[in-house]
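Notes for the one structure printed next.
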């Protein structure tokens, strides 16, 4: 839920990419990438597993978001994985990205991997971390100038231009039809069954080929 400065409800977002365990408990995924026009700019919200799919931040950007908030408690492979996951939405879309997660207690040792805890932060449109609360409990805050977007040098043409605008200009939605293909009816593959990985890949490809036939 998004609350205003006066404590009133402005709007709400329902997580689109619910994990399997959530769906098993009866959680119903949302179907919309809502954005909200506030008195300082337009924001979007995505939750946890949504950031596993780059389409999430792109859809919010396409719907006008200048800032995307990402509350999460997510599993991962450690610091490198986490750092890239925090920066990528900003870099790809030219937006401010704000990950939000609870931090470790002061007396608990931070551990890499398993869960990506902490690092509530503010990432600029160029991928630079503007503020970071670190691994432990804390608050990250910074002044953000939404009227000063990322300027890219020699990105799609000679000279210096606003990156965010060129993301829209250079898109080729006429070629993105593969993103709309139905989900293949394959079962999850446990790590201990990795020998069957190639078989699953072949099943996915056979399904795709069948859709195109």
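Residue numbers (our numbering): 78 to 290. From the three backbone atoms N, C-alpha and C, an ideal C-beta is built for every residue, glycine too. In this text, all values refer to a predicted model and were calculated from it rather than measured experimentally.
(request) Would you kindly work out how many angstroms separate the C-alpha atoms of residue 149 and residue 271, rounded to a whole number? (result) 28 Å
(message) Please identify the residue among 176, 244 and 139 whose C-alpha is closest to the C-alpha of residue 206.
(response) 176
(request) Given a cut-off of 8 Å, decide if residue 236 and residue 212 are closer than it, judged by their beta-carbon atoms. (result) Not closer than 8 Å, so no.
(message) Quick check: the Cα distance between residue 202 and residue 91, rounded to an integer number of angstroms?
(response) 25 Å
(request) Check residue 221 in the structure and name its three-state DSSP category. (result) Looking at residue 221 - three-state DSSP - the assignment turns out to be coil, as it is neither helix nor strand.
(request) Kindly indicate which three-state DSSP category residue 287 falls into: helix, strand or coil? (result) helix
(message) Can you tell me whether residue 27 is helix, strand or coil according to DSSP?
(response) Any answer about residue 27 is impossible in this case: the structure gives the chain only from 78 up to 290.
(request) Give me the Cβ distance between residue 159 and residue 137, rounded to the nearest whole Å; I'm assuming they're in contact under 8 Å. (result) Rounded, the Cβ-Cβ distance is 21 Å, inconsistent with contact.
(message) Is it buried or exposed, residue 128, if we count other Cβ atoms within 10 angstroms and call 16 or more buried?
(response) buried
(message) Whether or not the stretch 222-239 and the stretch 250-262 are in contact is what I'm after, with contact meaning three or more pairs of Cβ atoms, one per stretch, closer than 8 Å; do they touch?
(response) no
(message) I'd like the list of long-range same chain contacts for residue 107, defined as Cβ closer than 8 Å, with 5 residues on each side in sequence excluded.
(response) 90, 91, 92 and 93
(message) With distance defined between alpha-carbon atoms, name the residue in 139, 218, 286 and 249 nearest to residue 110.
(response) 139
(request) Would you mind stating whether residue 169 and residue 221 have Cβ atoms separated by less than 8 Å? (result) no
(request) Answer with buried or exposed for residue 121, where buried requires no fewer than 16 other C-beta atoms within 10 angstroms of its C-beta. (result) buried
(message) Going by DSSP, what residue range makes up the beta strand (DSSP E) through residue 137?
(response) Where residue 137 is concerned, there is no enclosing beta strand (DSSP E), although the alpha helix (DSSP H) it sits in stretches over 131-139.
(message) Let me check understanding here. Comparing Cα to Cα, which of 231, 156, 126 and 87 lies closest to residue 188?
(response) 156
(request) Would you kindly report the start and end of the unbroken beta strand (DSSP E) that includes residue 198? (result) 198-200
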